[in-house]
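Numbering-wise (my numbering), the sequence shown opens with residue -15 and increments by one. Glycine included, C-beta positions come from ideal geometry on N, C-alpha and C. Okay, structure first, notes after.
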Amino acid sequence: MCPGPTDTPLLRSAPDRLRESLANAIPFRRLATPEEIADAVVFFASDRARYVTGQVLSQRQWRPDDGGLNGGQRNQGEPCGDHWHL
């Protein structure tokens, strides 16, 4: 799983401006909920995904004009799910 910014206690402790910036870079204009990430995990763990192998589900919803974040490259200080690459 490669979740994008998710509304968790860690991200809620970040400055409002940062959270707003992250949300604005997502087409849905909001952060993911932990339940939405869990739904995908439950699917991959279920019999419905029994023929799915070797996949990485990226739930990052960056827009193309997000400053290059959608390229899958992590820059220093860039969020990665609920942690930061420093």
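Worksheet item: What's the gap between the Cα of PRO(-11) and the Cα of VAL25?
Response: 16 Å
Worksheet item: Per DSSP, what kind of secondary structure is ALA16 in: helix, strand or coil?
Response: strand
Worksheet item: Mind checking whether ARG14 and ALA22 have CB atoms under 7 Å apart?
Response: no
Practice prompt. Give me the Cβ distance between ARG3 and LEU(-5), rounded to the nearest whole Å; I'm assuming they're in contact under 8 Å.
Written response: 6 Å
Worksheet item: From which residue to which residue does the alpha helix (DSSP H) around ALA7 run?
Response: 0 to 8
Item to complete: Run the CB neighbour count on PRO(-13), radius 10 Å, all protein chains shown included, and call it buried at 16 or more, exposed below.
Response: buried
Item to complete: Give me the Cβ distance between PRO11 and THR(-8), rounded to the nearest whole Å; I'm assuming they're in contact under 8 Å.
Response: Wrong, their Cβ atoms sit about 20 Å apart, outside the cutoff.
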